[in-house]
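Asks: Take a look at this one; I'll ask things after.
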Amino acid sequence: MPSTQDWIDLPLDVVEGMFAASQNSPNSGWEAKAVEFFKERLKEKDAQSWVPSLNDIPLHYLKPNSLVKFRCLIQDMFDPEFYMGAYETVDPSSKAKVLRCGRYKDVTECGVDFNSRSTVTAERQTFYCVPIPGENPWFSLILSHSYAGSSQARVVPSTSYVPSRQKRSYEEDEEDVDDMDTQPQKQREPPTGPHCPTDLQGNGDCKRLEREAPSSQTASSSHLDLNFPLPGEKGPSCLVKVYEDWDSFKLNDILEVYGILSVSPALSALADGKETSSSLLDPADCMETAEEQRVHSPPASLVPRLHMVYAKPLQHNNPLLPSLTLEDNSAFLSSTLSEMAAVRAELLTHFTHVLLRDALAAEYLILHLISNVYTRRDILPLGKFTLNLSGCPTVASYTEHLYQFIQKLVPSSYYLGMSLQNMNQMQLVPKKDYVANRLVSGAAQLARNTSLFLDETKLEQGQLDTTGVRNVTALGNLISWQKVDYDFNYHQMEFPCNINVLIVSEARSLLPSDCQIKVQSQVDPQHMEEYLSGIHMHPQTSSLLNKLRMYLSVARLLDYSISDEMTKSVEDDFVDMRKDDPQSVSAEDLHRMLVVARLLSLSLGQTSLSRDSWLRAKHIETLRRSRMEQHKCVNGNEP
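For our numbering, add 540 to where a residue sits in the sequence shown, where the first one is 1.
Shown next, in the form of structure tokens:
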């Protein structure tokens, strides 16, 4: 039985051992046994934390051909490729033939016998994966602390790079979390060795590759568009090679991939010298354009390859929650549910503070942040709750303060200032580039449950051009239907999404929303800046912050149901409300009340609707509608 050190540091040895043993029994299904072996090892206590993370450890600290994990979003899917699943090598001196395994590899050993009858050609799929867009600094901070105590998390670096950052306490890091920025990673100097590509692009001329391989990989990622959905993001991107069940993965899925890291210099040699190494290329590969070659075969020092052994679809991306589903972790669930009412009260206090002492707006902000598309009925996404906070002041950068507060609580978020320049220049919708044969990402290609903060207070007078109109239309479709229509030039393709959209504005938003509430500030505008400067003091402790973070994620994941008895009670109430004035409550109002009642129940840790929660939902909806009517009367037709 391989030790922990073996299956993490030398996973290919495990694979090759199983491959060699399978030669005596051709129908052994060794590939499935190899996958099952790694799955079983990862189920051991704390085993997943032993595996180093490509997200949190610089590439030059990771051992080539070791097992690593990568938390990512599938940004694009390339065409399948062929590779040598099995091949024979010939020893030059003894002429002895050895059968080799090509699975989980980009390069083969030298001396490949291309005329061997034992050669097996297999197929694999390639996903282009990027870190989950918009992950907030506290997310990586918590993970880095959890890895700090793991002896397996870091390996000896292959360069003389020494981190200059001094050790700090967790609390000090929490205080500086807003100022954190990912430093550019120094690239690892790759090892050299006599290897050839396995993806049927070579004729065995390993010496040529060795000569042409660069002595060090110092290329900057600025020369290569890593295709991150959000502007200004940093981090590793990866070509993930998938060997089985690739049809079960979809574009924009978020995964934690466990795979074998490949950073062979031969891959960079091919990427840097396509023209000079044309004799190494497969004729079909020569049909690719230079741009397509550059995008699909980037230098491995910038875009490493990760050969998937196992991938775990992520139900959420909050590192404070167990990786298992809530139902599979009953102890955690019962403990969390028992505290939810108290944590909700704490969160309500802080949101009331940040929303200028408006407790009703704070209630609705909590409901918005735990909303989630739990199912779709025909084209209608059920569970979404886009909130428009109107009446937001434009002084003292209030909306930025509000976003920074939310940013500290949710795992992933993105602030979009809806200035005329942004709307007219941003690429919001992903678009297919047929020259490079890739999907060029846009800011609307986000992972599920990302908080999208739309700041309409930045909108100024001017003319939207064609791009601006297209972007505003895309935002409207995202809000109304929770879908984004990707641009494939000759047609559009719908991709469903599940994104929490919060719109802040002075007057009613130009965009649709499920609910609008005007913020009634209790703060003197002259003292606004002084008041806002105190917002950063709350919450004060990292332990409380973590409770609030867990609360928002757990509330979103809870199941919910309505009993037949409560359904009948709601129907009776609706009839009673319409008796005196049939126009006073519409079917749309009833739907909103039911959504509010659902979210209110979940916010209290209740998985079914109670009479008290229904009455409370009716009450706060009455208060909100009354406030909007009063404001409408004062300001004419503007709500």
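Heads up, the beta-carbon is just placed ideally off N, CA and C, and yes, glycines get one too.
Ordered along the chain, which non-local residues of its own chain (more than five positions away) have a Cβ less than 6 Å from that of MET720?
Replies: In this predicted model, MET720 has a pLDDT of only 38, less than 50, meaning its place in the structure is not dependable; the value taken from the coordinates is given anyway. Same-chain partners within the cutoff: PRO677.
Asks: For ASP1027, which beta-bridge partners are listed by DSSP?
Replies: For ASP1027, which the question treats as bridged, DSSP gives the partners LYS971, GLN1032.
Asks: Relative to the C-alpha of GLU996, which candidate in ALA1014, VAL1024, TRP1021, LEU1050 has its C-alpha closest?
Replies: LEU1050
Asks: Checking the sheet assignment: what are the DSSP bridge partners for PHE667?
Replies: MET617, VAL780
Asks: Ignore the nearest five residues each way along the sequence and tell me which others in SER1166's own chain have a CB closer than 7 Å to its CB.
Replies: none
Asks: Measuring straight from C-alpha to C-alpha, what distance separates ASP787 and PHE993?
Replies: 33 Å
Asks: Is LEU968 near ALA983, with beta carbons less than 9 Å apart?
Replies: yes
Asks: Run through DSSP, which three-state label would ARG978 get?
Replies: Three-state DSSP puts ARG978 in a strand.
Asks: Are the beta-carbon atoms of LEU494 and LEU779 separated by less than 9 Å?
Replies: Residue coverage of the chain in this structure runs from 541 to 1179, which leaves residue 494 outside it and unanswerable.
Asks: Beta carbon of LEU594, beta carbon of PRO859: below 9 Å?
Replies: no
Asks: Just how far apart, CA to CA, sit ALA840 and LEU550?
Replies: 20 Å
Asks: Classify VAL638 as buried or exposed, calling it buried when 16 or more other Cβ atoms lie within 10 Å of its own Cβ.
Replies: Burial is judged here by how many other beta carbons sit within 10 angstroms of a residue's own beta carbon; VAL638 has fewer than 16 and is exposed.
Asks: Ordered along the chain, which non-local residues of its own chain (more than five positions away) have a Cβ less than 7 Å from that of THR722?
Replies: Residue placement at THR722 cannot be trusted, given a pLDDT of 36 that sits under 50; the coordinates are not used to answer.
Asks: In chain order, what residues of the same chain lie with their CB nearer than 7 Å to the CB of PRO1215, ignoring the 5 residues before and after it?
Replies: For residue 1215 there is no data in the structure shown, the boundaries of the chain being 541 and 1179.
Asks: Starting from ASN962, trace the alpha helix (DSSP H) in both directions and tell me its first and last residue.
Replies: 960–965
Asks: SER910 to GLU663, Cα distance in whole Å?
Replies: Checking the displayed sequence, the identity of residue 910 turns out to be Ile instead of Ser. Those two C-alpha atoms are separated by around 42 Å.
Asks: Any contact of the stretch 917–927 with the stretch 1032–1052, i.e. 3+ C-beta pairs under 8 Å?
Replies: yes
Asks: With a cut-off of 8 Å, do at least 3 Cβ pairs link the stretch 1126–1142 to the stretch 890–900?
Replies: no
Asks: Do the stretch 1098–1115 and the stretch 1142–1149 make contact, defined as three or more Cβ pairs closer than 8 Å?
Replies: yes
Asks: Do PRO862 and PHE768 have their CB atoms nearer than 9 Å?
Replies: no
Asks: PHE789 by DSSP, collapsed to three states: which one?
Replies: coil
Asks: Considering only their Cβ atoms, is the gap separating PHE578 from VAL782 smaller than 9 Å?
Replies: In this structure, PHE578 does not lie closer than 9 Å to VAL782 by Cβ.
Asks: Figure out for me which residue from TYR954, LYS972, GLU940, THR1007 has the closest Cα to the Cα of GLN965.
Replies: THR1007
Asks: Given 8 Å as the limit, is there contact between the stretch 1084–1098 and the stretch 895–914, that is, 3 or more CB pairs closer than that?
Replies: yes
Asks: Counting pairs of Cβ atoms below 8 Å between the stretch 793–808 and the stretch 641–656, do you hit three or more?
Replies: yes
Asks: Given this structure, state the Cα-to-Cα distance separating SER606 from LEU582, to the nearest angstrom.
Replies: 15 Å
Asks: Quick one: what's got a C-beta closer than 7 Å to LEU907's C-beta in the same chain, skipping five residues either side?
Replies: PHE925, VAL1136, LEU1139, LEU1140, SER1143
Asks: How is the alpha helix (DSSP H) around SER1093 delimited, first residue to last?
Replies: Residues 1082–1097.
Asks: Only counting the same chain, and skipping five residues up and downstream in sequence, which positions put a Cβ closer than 8 Å to that of ALA1014?
Replies: LEU968, VAL969, ALA984, VAL1024, ASP1025
Asks: If I measure Cβ to Cβ from GLY957 and keep anything under 7 Å in the same chain, skipping five residues before and after, which residues do I get?
Replies: Result list for GLY957: ASP995, LYS998, in chain order.
Asks: Please classify ASP546: does DSSP put it in a helix, a strand, or coil?
Replies: helix
Asks: The beta strand (DSSP E) spanning PRO853 covers which residue range?
Replies: 845–853
Asks: Taking Cβ positions, are VAL575 and GLU784 nearer each other than 9 Å?
Replies: Against a cut-off of 9 Å, the Cβ pair of GLU784 and VAL575 comes out as a contact.
Asks: Rounded to the nearest angstrom, what separates ARG1151 and LEU922 at their Cα positions?
Replies: 22 Å
Asks: How should GLU796 be labelled, buried or exposed, when 16 other C-beta atoms within 10 angstroms of its C-beta is the threshold for buried?
Replies: buried
Asks: How long is the line joining the alpha carbons of THR1107 and SER1061, rounded to whole angstroms?
Replies: 37 Å
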